[in-house]
Structures are given as C-alpha cells and as structure tokens.
DNA sequence: GTTGGCACTCTCTTCTATCGAGTGCTAATA
DNA sequence: TATTAGCACTCGATAGAAGAGAGTGCCAAC
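Chains as they are written, first to last, in this note's numbering: chain A, 1 to 364; chain B, 1001 to 1364.
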C-alpha cells in the first residue's frame, strides 16, 4: 500500500501543476487533457479517488475538483516536480543584480531579502545565523582635541566605526597609546572576554584618568554584540496580496504582521544543514503557528567567516516550488561565491539542486 | 456665503470626529447626542443639508448619514479639530524610544520610519532631502601589504569606511603618502569637483603607478553620492490592512506597492518650509495619483548639517489627524534636538504645533 | 428658527431558485 | 481485469425577490 503507481504519480503531478497555475480545484477532465496519458476522465476519476484515500489529495466539497494536501505537495516536491533549470536570461539577470547590489554594500541583508523577493515575487526574508565574531584590528584616528574616530575591523572582514566627541580635551599621544593598547589586548577575543578587569588594566596601562578606555571598550562590546547577533530583514510583504489565497484581508494582515515582526521567524534556522541545500517546508510542517497554512522555501549561503546566511521565501502552499527553489538555489550559490571564504564554483554555472524536506517522505 | 456659522462648525467637527472613530456615515441623531447643542435631530438635518450644499459633507446615497469631503477634512484640520497635546506617558514613551534607537544608529532613517509607524499605527515613511556633503577628513589605515581601510569623515559628521583588498602589494609609505595627499586635496569639495584631472594630479604627486588613487577617489565619489542622495525608508505598510477602507485587497495592494517603491513619493518634499511645521495633505491634494484618496501627514526635522529629514504618515482620508499630527510633531522636534545643530528646546517640552495645509483654506 | 411626524429611498441581509461543474456509481466493453 | 460511457446526484456559486432598518427630506405646527 505504500507504493504508488507510475500513473498515479503522473496524475498527482498534473493536479499539483495545474493547481499551482490556476488556484482552482482541478477536475478529471482537465487532467485528461493536460497530462496526455491515453485514458478517459472516468479512469482518472478512479485514480483520483484512490489518491484522495491515500491522503495526497482532498476535495473542498463533494462535487469539486481535487486540491493537493500538504502530503501531496510533499510528494510533489520530493519526487515529482521537474527540477527547473533557469534560463540563461534568468541567470544573467540574477548575476547582474548581484554584482550591482553587492559591490559596495557587502553584507547588507536588506539587499538580499529585497533581491529574493523581487526574483520570486513572493515575500522574502533574509537572516544570518549566530556566529562568533572577534576584533581583528583596532584603530583610533585623532581628529581634534575633542574628537576621535574609532575604527574596528572584525574577523568577518567588515569594518565598523564611530565618531566620539568628548567634553574634555585629549592629546594625540594619549590616543596613540590607547590605540596600540587596544590593538594589543582587545583583538582576537570574543565579546564576553571583555571584562571590567581587562578594561581596568587597559585604563591603568594607558594612564587614562578620563575614562576613555571604557568608552572605547563599550564600542567594542557594542560592535561585537551587533555583529554576532542574528539579524533579519523582510521584504515584499505586499506581494502576498497578489495571491488569491490572501484575498481575505485579515488572513493577509496576520501573516504580514508576523513577517514584519522579523527575526523570531524560522525556528528551523538553527537546524540547517549545509550550503547548496534548499529546504521546503510545507504548511503544517512549519513550526510557527502563523505559517501553518503557508509554505516556506529556504536556501542557505556561506556569508564568510563561518557565518551562514539564510534566504527564505514565504507563500501559499500552492507555491511555485520548482521555480522558487531554482532561483533561491542559484541566488544562494552566487552569494556564497561572493561572500564566502571557500573555493567557489565558476560563475554562471548551474549548481546542483539538492532539495531536502522534513523527515516524512510523503509515503505511507 | 463664505462664512460658516458657529453651530455649523460644531456640527461639522462632530461629524468628522464621529466618522474618524467609526468609519460609518454619521446620522443626525448621533450628532444630536454627541455634540450637545440643545437642538433636535431635525434641526441638525437642516444644517447638514446646508453643509452638503456648501461642499463640506456628502452622502454616499440618499438615505445614508453624512461623510466628510476632502474640503470638509481640510476645514476640520485647519480650524476645527482640537490640537491634541500628548499625555505625559506618551511623550515619555517617545523620548525613551528615541534615546534607545538613536544612541548608536545616528541617522538611520529606517529607525525613524519604523518609530513613526509604531507610534501612529499607520504606514510611515522617512526621507532625507538633498544636501551638499563634503569630506572633512580622509584617513587610510594600513592593514597589511594587500589590504587597507579607507575612512572618510563627512561634513555631516558621519563616518564611512571601506575595506580595500589588492591583488598587489603596497608599502606603508605609499599609504601614508596617499593619505596625506587625499586629506589635503579631497577635503572640502563636493562630488562634482572630483575630476579626472584632480585624480590624475594626485596620482602623479603620490608617485602612484598602480592606480590606487582612482580606487580611493572612486570611494570618495561613492560616499559623497550616497550621502547626498535623498534616501527613503518605508515601514509598517501592513498596518494599512487594519483600516476598513483597505479591506479591498486590490486597493490595499496598489497603495502598498506604491509605498514599497519608496522614494519618488511625496513630490511635495522639496517645497517644504521649515522645521516645527506639520503639513497635512488630504486626498486629492496629493500629487501622486496613488494617494488621491488617502491622506498624508508630514513633519520635518533638522537632521544636522543643513539636511532636512521628513517623516510622513499615510492613511485613509478618515485619519486621526489630530493624534498623528501631535505625535509626528513631537517626534520631529525630538529628532531635531538630537540630530540638529541649532540650540534646542528643553527635553520633554511640548513644542507648539503649527499645521499648514495647501493654499486653499476650505472656504468658498 | 425649531421641532415632531411621516412617507420615501436605498442599502444590507436573508431566502429561494437555478445553473453547472464535477463527482460516484453502474453497466457495458475491450 | 482494467477501462469507458452514461447518468443521477451533490453542492457551491450566482441572481433575483422580499423584508428590515437606518436615515433622510419635507411639511405643518409651534
């Protein structure tokens, strides 16, 4: 009983394809025409009835066509759908946008989410996972007696700065002293290694009676906290309204508010395997209550310095999984290539698309 | 005919207040109760009929209550509504949020728009006007033979940096030379004063045969462009869906897409007078087609260094003008105080609320 | 100038009838 | 045994009709 005939598979695939296209329950007649397996609607009906029994399809009501269940989608995603290759134009388009957006704004996840949303025409969110960041370099630039600039280069090669203005005067020597001291003792350590003790000893060593050390240390802590905290960005929530399943404003509002909330989304973020994997979460497979009748496609990329970036696209369960997965996969690969440390596959190549779902495999 | 009796004003105000509250056409009976001017519904009906004639109100259909026209709202905003003072809790709340959000992320307009949206519960957008920015200081930090960090401090006291990696090696002296040269000849000038000629001469003066000068100059241009280009940020689009007038998903979608588009919004931005002014644009008063049946409340603040920031809140014409104007005004004042250059009114004070509309004054 | 009374209008809701897509079942067929 | 044609049946969707209710406009009285 756990097997499923070839013909049933074809029919199931046809139903899902058609339903994704039209958002209307699919009838036996339509299938007989679209999937040309030489048999009549009546035969299809028998098969459909069995597919309903097996749990792959359901009927909104007795005399309507069939609609895929989450289990049906799961089967579709795992085995049935044709893994779309992007067209040359599409890959070129993505690469062009990537080059354009990333050349200056290195890691800005806002850009990643916006891009993902534009490409797929669904709301998208981007996030970075937790990671341990340390300071690689510490510089202090003397501007004038009351002003200096802190410049910190992090282990992930991003650079942060802060302009500090003082009510009192400091001389250039003090700045130089502090600079080299901080460069010596505050580099290579993580945020929680910056203890009051360490700050104190730096203060004494620099002969700093004005508390500058704590100001600078505070900046260090701030920067480290900020960079190692996962951050999230959501774009294109409004595209939800283009989907017929969100014509109900309340439903749309609920999901959009949830998305705008941002970060605490995707509890599955942590459990994410490796790069080059696209994961599809269908309806009830989602942990978050608000996503129980939506689907999420997630791709992961290497954001450099052991940081993993995640791109997620949210849509109705009737989502164009194939297209979205292909695009996200390509996008993630492009990002890995540009941001990641490791050796990279040559530009413009399709990388293989590995799709993993949850533990259930859609059979029974 | 251009005058309007006191009682009519009271009735008009009552209609608008009630309509803002309930989103339902307002009947004569309701007014007789809410605005207690000792007269019967019948009298009110007569007055209402005249108000309709004058163009301040309209009826959706013969036997419905009255709804304000844009002209009615205009009159309401200009003369009728009580200028709300915020409660102590509200001002404290805003100040607390301001302190929290701005202490580190100086100018991030994302924060401004998010804050405005949270406070008003309408979608909000923040933008900065065009301004001329120059470089105040130029520093180059040597990291290693293939890497250096550019640090630029701008006339608006923001600091930008960029990590540059080279395929070739440079020695520390070269860096030092470039640093002082750029600091000398690239400061105090605007973007379009950075000519190929200037770059060339710098290149020669530094004895730079590797084209480093153009890399650095490119960064200078980039930073100047970016900082002087008006930028925009939109937040809380989804709050639109909470409003009954946007229960139609298509209508909501249209406006949300327009808002997400961002910048080209508010063509009236340029014409904006001074700080401490709140401007209300009602329905057709808006230039943008997409806003013709929505209202916008705009406040302006001093973002320092001759830059003006704008905060706009978008909602249905049936918007709580009074509350929104009060909140925006206070928020703008708080931002001016923190970011602006001039002397500041003491914290926590209500600043006077000046509301200006367009040229028409709602009378005929 | 104000008020009560009353017929009138128009939307909104509810109910009913009809239509049609699509099914499930049965009996005939290859 | 698998497939097919035929047909009665189900059920949502649509349209029209009836009734309720809110609110008006107007008139005559105060």
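Where is the CB? At the ideal position from N, CA and C, for every residue including glycine.
Please read all numbers here as calculations on a predicted model, not as lab measurements.
Legend entry - Whole-angstrom C-beta distance between residue 1235/B and residue 1326/B, which should lie under 8 angstroms: 20 angstroms between Cβ atoms; not a contact.
Legend entry - Under 7 angstroms from the C-beta of residue 1141/B: neighbouring residues of chain A: 139, 151
Legend entry - Sequence-distant residues of its chain with Cβ nearer than 7 angstroms to residue 1072/B (five each side left out): 1012, 1016, 1056, 1057
Legend entry - alpha helix (DSSP H) runs contained entirely in the segment 1111-1170 of chain B, provided each spans 4 or more residues: none
Inset, instruction - Taking only the alpha-carbon atoms, compute the straight-line gap between residue 1246/B and residue 1240/B and give it to the nearest angstrom. - result: 7 angstroms
Inset, instruction - Would you kindly work out how many angstroms separate the C-alpha atoms of residue 1279/B and residue 1054/B, rounded to a whole number? - result: 24 angstroms
Inset, instruction - Give me the Cα-Cα distance between residue 1156/B and residue 1249/B, rounded to the nearest whole angstrom. - result: 42 angstroms
Legend entry - Neighbour-count burial assignment, residue 1334/B, 16 or more Cβ in a 10 Å radius: buried
Inset, instruction - Following the continuous alpha helix (DSSP H) through residue 226/A, name the residue where it begins and the one where it ends. - result: 212-228
Legend entry - Residues within the segment 315-328 of chain A neighbouring chain B, beta-carbon criterion of under 9 angstroms: none
Inset, instruction - Take every Cβ of the segment 249-258 of chain A, pair it with every Cβ of the segment 187-199 of chain A, and state whether three or more of those distances are shorter than 8 angstroms. - result: no
Legend entry - The beta strand (DSSP E) enclosing residue 1302/B, as first and last residue numbers: 1294-1302
Inset, instruction - Name, going along the chain, the residues of the segment 1226-1239 of chain B whose beta-carbon falls closer than 9 angstroms to a beta-carbon of chain A. - result: 1226, 1235, 1236, 1237, 1238, 1239
Inset, instruction - Indicate whether residue 1194/B and residue 1221/B have their beta-carbon atoms separated by less than 8 angstroms. - result: yes
Legend entry - Where residue 1233/B falls: helix, strand or coil (DSSP): strand
Inset, instruction - Select from the segment 32-48 of chain A all residues with a C-beta closer than 9 angstroms to any C-beta belonging to chain B, and list them in chain order. - result: none
Legend entry - Residue environment, residue 38/A, which counts as buried when at least 16 other CB atoms sit within 10 Å: exposed
Inset, instruction - Take residue 218/A as the anchor and find which of 173/A, 150/A, 44/A has the nearest alpha-carbon. - result: 150/A
Legend entry - Sequence-distant residues of the same chain with beta carbon closer than 6 angstroms to residue 1323/B, five excluded per side: 1084
Inset, instruction - Could you tell me how far apart the beta carbons of residue 1238/B and residue 40/A are, in whole angstroms, since I believe they sit closer than 8 angstroms? - result: 48 angstroms between Cβ atoms; not a contact.
Inset, instruction - Give every residue of the same chain whose Cβ lies closer than 8 angstroms to the Cβ of residue 1242/B, excluding the five residues on either side of it in the sequence, and list them in chain order. - result: 1121
Inset, instruction - Taking only the alpha-carbon atoms, compute the straight-line gap between residue 116/A and residue 331/A and give it to the nearest angstrom. - result: 8 angstroms
Legend entry - Residues in the segment 160-179 of chain A having any Cβ partner in chain B nearer than 9 angstroms: 160, 161, 162, 163, 165
Inset, instruction - Show which residues of chain B have a CB atom less than 7 angstroms away from the CB atom of residue 339/A. - result: Chain B residues near residue 339/A: none, gap ~13 angstroms exceeds 7 angstroms.
Legend entry - Member of 99/A, 182/A, 32/A whose CA lies at the smallest distance from the CA of residue 198/A: 182/A
Inset, instruction - Please check if any C-beta of chain A sits within less than 8 angstroms of the C-beta of residue 1157/B. - result: yes
Legend entry - Beta-carbon proximity of residue 1139/B to residue 1179/B, cut-off 8 angstroms: yes
Inset, instruction - Leaving aside the five residues before and after residue 1/A along the sequence, list all residues of the same chain whose C-beta is less than 6 angstroms from its C-beta, in chain order. - result: With a pLDDT of 47 at residue 1/A, under the threshold of 50, the predicted position of this residue should be treated as unreliable, though the coordinate-derived value follows. Excluding sequence neighbours, residue 1/A sits near nothing in its chain.
Inset, instruction - Please name the residues in the segment 1196-1216 of chain B whose beta-carbon is closer than 8 angstroms to at least one beta-carbon of chain A, in chain order. - result: none
Inset, instruction - Check whether the Cβ of residue 1161/B sits closer than 7 angstroms to any heavy atom of the ligand GTP, and report yes or no. - result: Questions concerning the ligand GTP fall outside what the structure shown contains, since it holds no ligand whatsoever.
Inset, instruction - Taking residue 249/A as part of the alpha helix (DSSP H), name the residues at either end of that continuous run. - result: 249-261
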